[in-house]
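Single-structure report; data block below.
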Amino acid sequence: METIQLYKQNPYQQKFEATVLACHQEKEGYDVILDQTAFFPEGGGQYGDRGFLNDIEVVDTQIKDGIILHRTNKPFDVGTKVCGQLNWERRYSFMQNHSAEHMMSGLIHKTYGYDNVGFHLGEEEMTLDFNGMLSMEQLLELEQQVNEKIWGNIPIKESYPTKEEEEQLEYRSKKEVEDALRIITIEGIDCCACCAPHVKISGEIGLVKVIGVQKNKMGVRVTMLAGKRAVLDYDKKHEQTGKVGQLLSVPVEQMVDAVKKLQEEKQQLEHELLGVKLLFLQQKAAHIVPENGIACIEIEELSGKEIRELCNYLMEKGQIAVVLNKKEEKEEIQYTIGSKHTDVRAINSLLKETLNGRGGGNAQMVQGTLFGTKEEVLNCIKSLGEKYDE
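Below you can see the structure in the form of structure tokens.
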């Protein structure tokens, strides 16, 4: 016997009474079956409803063969009369966002002919996958159009067409519909098969905001917020923007120019600092005395450019230049080995074999990481049996 789905009769019903028909213990709790329910099960791209049966929390809702399963952490006796209570704030947020998705997907289909090939309505945001490319600029134009439609208070209607009506009907559907076809129609915007609860009029959505887009397979994945979620996102960003403005000591409208100025100053300071550090490294290299033609130095926390420059300085002093750079809190040592006269790739191969080295390069310079000491590195180089004295 399939569960009577009260949310189809009234998606705004928050409380209901029902009788427990069965209760099955599972690995992570109990699946409670009722004769009727207002809990919407996971489907149509969104999670199942949550709430309470009496004082027992429902943490998930699923459907199998028309039977709705309410997951709880405590069992119920068969025949028990229960009072169901939805987590209405969560459900209503899902209704706002799912209706917004229909409006955005419908408008994209009308404008560009793209299909919605994937939809996920999560706890914090929703994503829409389309089989065509869209830029953020295009999406922001669509966002404005959707919001204009939302504020027009357009009715959002559900219907169950007959087979004859279905044949004449043009509607979107992400998958083949097996059960009775349920159509959600937003006049002039969208007509789509859907099993989920929706708001009655578009004005209830309040606001739609696109917050991201990225390439996904042969199209794009759009991240979007609607309703209260969009307002809360605005509140958070407005607060953060205000704090940044205070730190920069400028009004919000001047923040971009202020940040650009900081970036320019930062780049100038980094350039000056690099000049000072390279001068320091050159002086440090000047005090290195090569042994058997090998100029080696151990140092800590250098950048890639600084390491290469230091290696170049040492190459002027010996046939083989070795820089061992120790990264803080890491057992690995970063090595750079160079020479103007010797092919250092043979040294690199030996370090890989003997000190678990990982790296590569060309005949003049190799770089990588290894596990070992300065003495072990020098012994590897010397073991090749070559004369490195100038």
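This note's numbering applies: residue 84 is where the sequence shown begins, and numbers increase by one.
Using N, Cα and C, we set each Cβ at its ideal position, and we do this for glycine too.
Grouping DSSP H, G and I as helix and E and B as strand, with all else coil, what is D340? In the three-state DSSP reduction, D340 falls in the helix class (H, G or I).
Over what stretch of residues does the alpha helix (DSSP H) that includes F177 continue unbroken? F177 -> alpha helix (DSSP H) spans W171 to Y195.
What does a CB cutoff of less than 6 Å around G444 pick up in its chain, not counting 5 residues either side in sequence? Q450
Alpha carbons only, please: which of T268, K400, T437 and A183 is nearest the one belonging to A489? With the chain represented from 84 up to 473, any question about residue 489 goes unanswered, as that position is not in the structure.
Cutting at 8 Å between CB atoms, please list the residues of its own chain near P244, excluding the five before and the five after it. L252, L264 and I266
Cα separation between Q365 and K457? 21 Å
Give me, in chain order, the residues of the same chain whose beta-carbon lies closer than 6 Å to that of P280; leave out the 5 immediate sequence neighbours on both sides. Excluding sequence neighbours, P280 sits near Y90, P94, F123 and M178.
Let me make sure I understand the geometry here. Which of E208, C275 and K367 has the alpha-carbon closest to that of K193? C275
What does a CB cutoff of less than 7 Å around I288 pick up in its chain, not counting 5 residues either side in sequence? Q179, S182, A183, I233, V282, A309 and G310
Exposed or buried, which one is D160 when buried takes at least 16 other CB atoms within 10 Å? exposed
Going along the chain, which residues of its own chain have a beta-carbon closer than 6 Å to the beta-carbon of P238, five neighbours each way excluded? I284
Counting beta carbon pairs with one atom in the region 383-394 and one in the region 422-441, are three or more of them shorter than 8 Å? no
The ligand HEM and Y95: does any heavy atom of the ligand fall closer than 8 Å to the residue's C-beta? Of the ligands one can find in the structure shown there are none, so the ligand HEM has no counterpart to examine.
In this structure, how does DSSP classify C277 when only helix, strand and coil are distinguished? coil
Using C-beta distances below 6 Å, list every residue in its chain close to T437, excluding the 5 sequence neighbours before and after it, in chain order. C463
Assign A313 to buried or exposed, taking buried as 16 or more other Cβ atoms, counted over all protein chains shown, within 10 Å of its Cβ. buried
The region 146-156 touching the region 115-122, judged by at least three CB pairs closer than 8 Å: yes
M186 and L211: beta carbons closer than 9 Å? The answer is no: Cβ separation not under 9 Å.
Which of helix, strand or coil DSSP assigns to M307: strand
Can you tell me which of the three DSSP states F454 falls into? coil
Report buried or exposed for Y175, applying the criterion of at least 16 other Cβ atoms within 10 angstroms of its Cβ. buried
Would you decide whether E100 is buried or exposed? Buried here means 16 or more other CB atoms lie within 10 Å of its CB. exposed
CB contact flag (G131, F202, <9 Å): no
For a minimum of 3 consecutive residues, which ranges assigned as the beta strand (DSSP E) are wholly contained in the region 201-259? 209-213 and 239-242
Which same chain residues end up closer than 6 Å to Q452 when comparing Cβ atoms and leaving out the 5 residues on each side of it in sequence? Just to set this straight, residue 452 is Thr in the shown sequence, not Gln. Only E415, Q417 and R441 meet the Cβ criterion.
Answer yes or no: do K367 and I380 have a C-beta to C-beta separation smaller than 9 Å? Cβ distance < 9 Å, so K367 and I380 count as in contact.
Nearest-angstrom beta carbon gap, R255 and N199 [assumed within contact, 8 Å]: Sure, about 7 Å apart at Cβ, within 8 Å.
What residue from V339, L169 and E125 has the CA that sits closest to E140's CA? L169
Should G477 be labelled buried (16 or more other beta-carbon atoms within 10 Å of its own) or exposed? The shown model of the chain, from 84 to 473, leaves out residue 477, and the question about it has no answer.
Straight-line CA distance for N439 to E353? 35 Å
Measure the C-alpha to C-alpha separation of Q447 and L330 and round it to an integer number of angstroms. If you take the alpha carbons of Q447 and L330, they lie about 48 Å apart.
Identify whether N462 lies in helix, strand or coil by the three-state DSSP scheme. helix
Looking only at its own chain, which residues have a Cβ that is under 7 Å from the Cβ of H107, when we skip the five neighbours before and after it? Y113 and D114
8 Å contact criterion, which G149 and E85 should meet: CB distance rounded: 3 Å
Using 10 angstroms around the beta-carbon of V460, count the other beta-carbons present and answer buried if the total reaches 16, otherwise exposed. buried
Any idea which residues DSSP pairs A378 with across the strands? A404
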